[in-house]
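**Q**
Numbering (this note's numbering), first residue to last: 1330 to 1636.
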């Protein structure tokens, strides 16, 4: 995934040796990389992406599970979440094959949008098929999926207390040796320094944050975020700087944080409240930021320390 991972766990009776835990973790990451990476030409999904429209390809269960998870988010949001944005990301300069960040002309944008749309994907048995020359990009949910798989495997190897993180998505459960909860800090969306905005105690929840404050470019005084709206094919243009989602499924938290970032502060908050999502929004107001948690978030983290 072109990033890092970190695992903290409590050694106790029945837990496998560290070398075994590390080997099991790295085997999962290597398999995900070979199946789902858009940064290596030999991955299964890149082979599928190169195949012409009207073709099907046998896929392992993991790939099909991610497509199904993406389909659910796509349907729930009326298309605001989409796994086929890679050509658009490349066009704007944010994707793996991008040619530099710049605003594309309208004609080229319209042309590329013809090759985007999750509705053009379908699963037939154990095959993934495409009706149009779409390209699948799992970057919005693959890290959360990896965390969930690692957590499940560590459980099989006797680990009951852990903090697992991959590319920034994380999940924690159990207690540290001193009996305290695992605690994480939500970072304030500032370009100049790292500041913890809210401290959360975690037990059994995955956490994912999406934001526009690290990956963007500016042209003619306009800021262009790497978060694209699938329905317009252009970067989102609203005041939402970051959104964090907590969910028992880190995969779902990962996808929902992307989805809410696309929807923006008002529509995102309404969607999250309507669906009982634990989400924390950070919105730009002048030179500062305003924060707001959904009802589910505030109930879940009622004891969280404000910073």
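By construction, the Cβ of each residue, glycine as well, lies at the ideal position given by its N, Cα and C atoms. Since this is a predicted model, take the numbers as computed values, not measurements.
Please identify the residue among 1584, 1464, 1534 and 1548 whose C-alpha is closest to the C-alpha of residue 1540.
**A** On the chain shown, residue 1540 is found 211 positions in, with the first residue counted as 1. Looking at the Cα atoms, 1584 is the closest of the given residues.
**Q** What is the residue span of the alpha helix (DSSP H) that residue 1616 lies within?
**A** Working through the chain shown from its first residue, we reach residue 1616 at position 287. Per DSSP, residue 1616 belongs to no alpha helix (DSSP H) and is neither H nor E.
**Q** Please report how far the alpha carbon of residue 1479 lies from the alpha carbon of residue 1434, in whole angstroms.
**A** The residue labelled residue 1479 in the question sits at position 150 within the chain shown. The residue labelled residue 1434 in the question sits at position 105 within the chain shown. Rounded to the nearest angstrom, the two C-alpha atoms are 43 Å apart.
**Q** Residues in its own chain within less than 7 Å of residue 1531 by CB, not counting five upstream and five downstream?
**A** Position 202 of the chain shown, counted from the first residue, corresponds to residue 1531. The answer, listed in chain order, is 1501, 1510, 1511 and 1513.
**Q** For residue 1459, count the other beta carbons within 10 Å of its own beta carbon; 16 or more makes it buried, fewer makes it exposed. Which is it?
**A** Translated into positions along the chain shown, residue 1459 becomes position 130. That one is buried.
**Q** Spatial neighbours of residue 1628 within its chain, please: CB distance less than 7 Å, with the 5 preceding and 5 following residues excluded, ordered by chain position.
**A** Translated into the one-based positions of the chain shown, residue 1628 becomes position 299. Result list for residue 1628: empty, nothing under 7 Å.
**Q** Starting from the N-terminal side, write out each stretch of the alpha helix (DSSP H) that is 4 residues or longer and does not extend beyond the segment 1449 to 1501.
**A** 1471 to 1485
**Q** Contact check, residue 1464 vs residue 1413 under 8 Å by CB: the rounded distance?
**A** Taking the chain shown and counting its residues from 1, one reaches residue 1464 at position 135. Taking the chain shown and counting its residues from 1, one reaches residue 1413 at position 84. Right, the Cβ-Cβ distance comes to about 6 Å (below 8 Å), so this counts as a contact.
**Q** Grab me the residues of residue 1372's own chain with a C-beta within less than 8 Å of its C-beta, minus the 5 sequence neighbours each way, in chain order.
**A** Reading the chain shown from its first residue, position 43 is the one you call residue 1372. Answer for residue 1372: 1362, 1363, 1364, 1365 and 1366, listed in chain order.
**Q** If you scan the segment 1332 to 1417 from start to end, which runs of the alpha helix (DSSP H) of 4 or more residues do you find wholly inside it?
**A** 1347 to 1365, 1373 to 1379 and 1390 to 1405
**Q** Cβ atoms of residue 1608 and residue 1570: under 9 Å apart, would you say?
**A** Numbered from its first residue, the chain shown carries residue 1570 at position 241. Numbered from its first residue, the chain shown carries residue 1608 at position 279. No, Cβ-Cβ distance for residue 1570 and residue 1608 is not below 9 Å.
**Q** Quick check: residue 1588 and residue 1395, are their CB atoms within less than 9 Å of each other?
**A** Translated into the one-based positions of the chain shown, residue 1588 becomes position 259. Translated into the one-based positions of the chain shown, residue 1395 becomes position 66. No. Outside cutoff.
**Q** I need the DSSP call for residue 1532, collapsed to helix, strand or coil.
**A** Taking the first residue of the chain shown as 1, we reach residue 1532 at position 203. Looking at residue 1532 - three-state DSSP - the assignment turns out to be coil, as it is neither helix nor strand.
**Q** Using the rule of at least 16 other Cβ atoms within 10 Å of the residue's Cβ for burial, across every protein chain shown, is residue 1379 buried or exposed?
**A** Against the chain shown, residue 1379 aligns to sequence position 50. Around the beta carbon of residue 1379, fewer than 16 other beta carbons lie within 10 angstroms, which makes this residue exposed.
**Q** Please identify the residue among 1528, 1431, 1620 and 1561 whose C-alpha is closest to the C-alpha of residue 1409.
**A** Your numbering for residue 1409 matches position 80 in the chain shown. Among 1528, 1431, 1620 and 1561, the Cα nearest to that of residue 1409 belongs to 1561.
**Q** Could you tell me whether the Cβ atoms of residue 1493 and residue 1336 are closer together than 9 Å?
**A** What you label residue 1493 is simply residue 164 of the chain shown in a count that begins at 1. What you label residue 1336 is simply residue 7 of the chain shown in a count that begins at 1. For residue 1493 and residue 1336, yes; Cβs fall inside 9 Å.
**Q** Can you name the residues that DSSP bridges to residue 1513?
**A** Against the chain shown, residue 1513 aligns to sequence position 184. Bridge partners of residue 1513: 1529.
**Q** Tell me, which residues are paired with residue 1558 by DSSP?
**A** In the chain shown, residue 1558 corresponds to position 229, counting from 1. Bridge partners of residue 1558: 1563.
**Q** Just the C-alpha distance for residue 1505 and residue 1427, rounded to the nearest angstrom, thanks.
**A** The residue given as residue 1505 occupies position 176 in the chain shown. The residue given as residue 1427 occupies position 98 in the chain shown. Rounded to the nearest angstrom, the two C-alpha atoms are 43 Å apart.
**Q** Looking only at C-alpha atoms, which of 1549, 1535 and 1553 sits nearest to residue 1577?
**A** Within the chain shown, the letter at position 248 stands for residue 1577. Ranking the options by Cα distance to residue 1577, first place goes to 1535.
**Q** Here's the rule I'm using: 16 or more other beta-carbon atoms within 10 Å means buried, otherwise exposed. How should residue 1332 be labelled?
**A** The residue given as residue 1332 occupies position 3 in the chain shown. Exposed, because fewer than 16 other Cβ atoms sit within 10 Å of the Cβ of residue 1332.
**Q** What separation, rounded to the nearest whole angstrom, lies between the Cα atoms of residue 1601 and residue 1407?
**A** Here residue 1601 corresponds to residue number 272 of the chain shown, with the count starting at 1. Here residue 1407 corresponds to residue number 78 of the chain shown, with the count starting at 1. About 14 Å.
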